[in-house]
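Undergrad: If you use the numbering used here, the sequence shown corresponds to residues 2 to 301, in order.
First, the structure itself, so that you have it in front of you.
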Amino acid sequence: LVRLRARLARSNSTLGQGLLSLLSARDLDDEAWEEIEDTLITADVGVTSATQIVENLRTKVKVLGTRSVDEVRELLRSELLGQLNPDLPRTVRTEPHGNRPAVLLVVGVNGTGKTTTCGKLARVLVGDGRRVVLGAADTFRAAAADQLETWGSRVGAPVVRRDEGADPASVAYDAVARGMSDGVDTVVVDTAGRLHTKTGLMDELGKVKRVVEKQSQVDEVLLVLDATTGQNGLRQARVFAEAVDITGIALTKLDGTAKGGIVIQVQRELGVPVKLVGLGEGPDDLAPFDPEEFVDALLT
Ligand code: GDP
């Protein structure tokens, strides 16, 4: 945890330090506030949130008549936290229902870190003494199933796969069936991230979901989003969110960006809580998203 905190802090410090130095270094005139807003926008916080943060902060600083660095930092902290909606439910639902495993669908554009996130998630669960089955429903690339198998053997979770080009829904079905017959706790299904047409995607993900729901229930649909892709990634994520009901976001590669503000924008835009963050390529580089910890790291 300490390591994760350090890594978050490193990737975020540009934003936090930038803001704090702007807030403490000079007269807070119109130009200064504009600069603060620009800094937030540059860090991918998003225009709406950046405007709100600055407006609220400006009002509070004025009302309190404060320029003390500690007080301003505290005000900024509570603004950032407020934007993150700290009361949203963040727990990833992985608990089985009686003799039925929990089923998680992991969706998102190729390259965002879907397969890696499935592997890391399985690792966390197995580490907690759970039994997990992984489903390789990204059947458009044989390499994706191979990659998932590598993760499966690494973390101790069997992988259900079929030949390249097989129906993704049938693989999801097989994975859940295997999970039920083996009596495992959780089935994690990696899906195809081809962003062809919205209708195609809806049909495909919709079918995967329907097929699983015939056997069990879908407990989570996690959307994987690459934090380094900014507006473009967000645009693509929106297409997924329209195609299937997302229950949570796994924001990957936060270790590779100084634009940690994307967490705020993603949540606002998609209306779904960030539940997990990816902080590296290794098996232990997945953490639950904790808004307080995140904001503290930002302002460290
Ligand atoms: P997929 O196509 O969505 O399944 O993406 P992959 O799981 O294959 O990941 C694409 C690349 O991103 C791989 O090289 C991963 O190691 C890397 N990756 C995934 N998550 C993270 C992360 O949190 N941090 C970093 N630095 N790299 C990541």
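A virtual CB, placed ideally from N, CA and C, is assigned to each residue, including glycine.
1. Give me the residue from Leu135, Thr187 and Pro87 with the minimum Cα distance to Glu96.
2. If you reduce the DSSP assignment to three classes, tell me which class Ala173 lands in.
3. Excluding the 5 residues preceding and the 5 following Lys260 in the sequence, name in chain order all residues of the same chain whose CB lies nearer than 8 Å to its CB.
4. Should Asp1 be listed as close to the ligand GDP, given that the test is whether its C-beta is under 6 Å from any heavy atom?
5. Hey, does Asn86 have any beta-carbon neighbour from chain B nearer than 7 Å?
6. Considering only the alpha carbon of each residue, which of Val185, Met203 and Glu56 lies closest to Glu80?
7. Return the chain-ordered list of same chain residues with a C-beta closer than 6 Å to the C-beta of Ala178, the five sequence neighbours on each side being excluded.
8. Please classify Leu223 as buried or exposed, where buried requires at least 16 other C-beta atoms within 10 Å of its C-beta.
9. Where does Ala158 sit, in a helix, a strand or coil, going by DSSP?
10. Which residues in the same chain have their Cβ closer than 7 Å to the Cβ of Leu2, if we skip the five residues on either side of it in sequence?
11. Take the Cβ of Leu126 as the centre, count every other Cβ of all protein chains shown within 10 Å, and call the residue buried at 16 or more, exposed below.
12. One question on the structure: do Ala70 and Ser25 come within less than 7 Å of each other, judged by their Cβ atoms?
13. Can you give me the start and stop residues for the alpha helix (DSSP H) that Asp286 sits inside?
14. Does the segment 114-128 come within contact of the segment 249-258, defined as at least 3 CB pairs closer than 8 Å?
15. Does the separation of the CB atoms of Ala170 and Leu202 fall below 7 Å?
16. Which stretch, first to last residue, makes up the alpha helix (DSSP H) that contains Thr118?
17. Please classify Thr60: is it buried, with 16 or more other beta-carbons within 10 angstroms of its beta-carbon, or exposed?
18. May I have the straight-line CA-CA distance separating Gly283 from Val156, to the nearest angstrom?
19. Pick helix, strand or coil for Thr253, following the three-state DSSP scheme.
20. Thr151: beta carbon under 6 Å from a heavy atom of the ligand GDP?
21. Are there any heavy atoms of the ligand GDP lying less than 6 Å away from the beta-carbon of Asp256, as far as the coordinates show?
22. To the nearest angstrom, how far is it from the Cα of Val48 to the Cα of Gly279?
23. Output the distance between the C-alpha atoms of Ala167 and Phe141, rounded to the nearest integer angstrom.
24. Just to confirm the assignment: which complete beta strand (DSSP E) runs, minimum length 3, are found wholly within the segment 54-116?
25. Once DSSP output is grouped into helix, strand and coil, what is the label at Leu2?
26. Count the other CB atoms, across all protein chains shown, that sit within 10 Å of the CB of Arg162; report buried if there are 16 or more and exposed otherwise.
27. Can you tell me where the alpha helix (DSSP H) with Leu202 in it begins and where it stops?
28. Going by C-alpha to C-alpha distance, which of Glu294, Arg68, Asp164 and Trp34 sits closest to Thr52?
TA: Looking at the atomic coordinates:
1. To locate residue 96, count along the sequence shown from 1; it is residue 95. It is Thr187 whose Cα lies nearest to the Cα of Glu96.
2. Your numbering for residue 173 matches position 172 in the sequence shown. Looking at Ala173 - three-state DSSP - the assignment turns out to be helix.
3. Position 259 of the sequence shown, counted from the start, is the residue given in the question as residue 260. These residues qualify, in order along the chain: Leu16, Thr43, Ala44, Asp45, Ala228, Thr229 and Gly231.
4. Outside the displayed span of the chain (2 to 301) sits residue 1, for which this structure offers no information.
5. Absent from the structure is chain B; it holds one protein chain and no more.
6. Mapped onto the sequence shown, residue 80 falls at position 79. The residue with the shortest Cα to Cα distance from Glu80 is Glu56.
7. For the purposes of this step, residue 178 is taken as the residue at position 177 of the sequence shown. Excluding sequence neighbours, Ala178 sits near nothing in its chain.
8. The count along the sequence shown starts at 1 and reaches residue 223 at position 222. That one is buried.
9. Numbered from 1 along the sequence shown, position 157 holds the residue referred to as residue 158. Coil at Ala158, not helix or strand.
10. On the sequence shown, position 1 is the one that residue 2 refers to. Note that Leu2 has pLDDT 49, beneath the 50 cutoff, so the model's placement of it is unreliable and the number below is only indicative. Answer for Leu2: no residue qualifies.
11. The residue given as residue 126 occupies position 125 in the sequence shown. With 16 or more Cβ atoms within 10 Å of its Cβ, Leu126 is classed as buried.
12. The residue given as residue 70 occupies position 69 in the sequence shown. The residue given as residue 25 occupies position 24 in the sequence shown. Per the sequence shown, the amino acid found at residue 70 is Val instead of Ala. Yes, the pair counts as a contact, with Cβ atoms nearer than the cut-off.
13. Here the question's residue 286 lines up with position 285 in the sequence shown. Looking at the DSSP string, Asp286 is not in any alpha helix (DSSP H), and its letter there is neither H nor E.
14. yes
15. For the purposes of this step, residue 170 is identified with residue 169 of the sequence shown, where counting begins at 1. For the purposes of this step, residue 202 is identified with residue 201 of the sequence shown, where counting begins at 1. Against a cut-off of 7 Å, the Cβ pair of Leu202 and Ala170 comes out as no contact.
16. By one-based count along the sequence shown, residue 118 stands at place 117. Taken as a continuous stretch (DSSP letters only), the alpha helix (DSSP H) holding Thr118 covers Lys115 to Gly128.
17. Taking the first residue of the sequence shown as position 1, residue 60 is located at position 59. With fewer than 16 Cβ atoms within 10 Å of its Cβ, Thr60 is classed as exposed.
18. Counted from its first residue, the sequence shown places residue 283 at position 282. Counted from its first residue, the sequence shown places residue 156 at position 155. Taking the straight line joining both Cα atoms gives about 12 Å.
19. The residue given as residue 253 occupies position 252 in the sequence shown. Of the three classes helix, strand and coil, the one that applies to Thr253 here is strand, per DSSP.
20. Along the sequence shown, one-based indexing puts residue 151 at 150. Thr151: no, Cβ never under 6 Å from the ligand GDP.
21. Within the sequence shown, numbered from 1, the residue matching residue 256 stands at position 255. Checking every heavy atom of the ligand GDP against the Cβ of Asp256, one is found closer than 6 Å.
22. As a first step, residue 48 is located in the sequence shown; it is residue number 47 there, counting from the start. As a first step, residue 279 is located in the sequence shown; it is residue number 278 there, counting from the start. Near 25 Å, if we compare the C-alpha coordinates of Gly279 and Val48.
23. Position 166 of the sequence shown, counting from 1, holds the residue named residue 167. Position 140 of the sequence shown, counting from 1, holds the residue named residue 141. Cα to Cα, Ala167 sits roughly 8 Å from Phe141.
24. 103-108
25. Position 1 of the sequence shown, counting from 1, holds the residue named residue 2. The predicted model places Leu2 with a pLDDT of 49, which falls under 50 and marks its position as unreliable, so this point remains unresolved.
26. In the sequence shown, counting from the first residue as 1, residue 162 sits at position 161. Under this definition Arg162 is a buried residue.
27. In the sequence shown, counting from the first residue as 1, residue 202 sits at position 201. First-last of the alpha helix (DSSP H) with Leu202: Lys199 to Gln216.
28. In the sequence shown, the residue the question calls residue 52 occupies position 51. Comparing Cα-Cα distances from Thr52 to each of Glu294, Arg68, Asp164 and Trp34, the minimum goes to Trp34.
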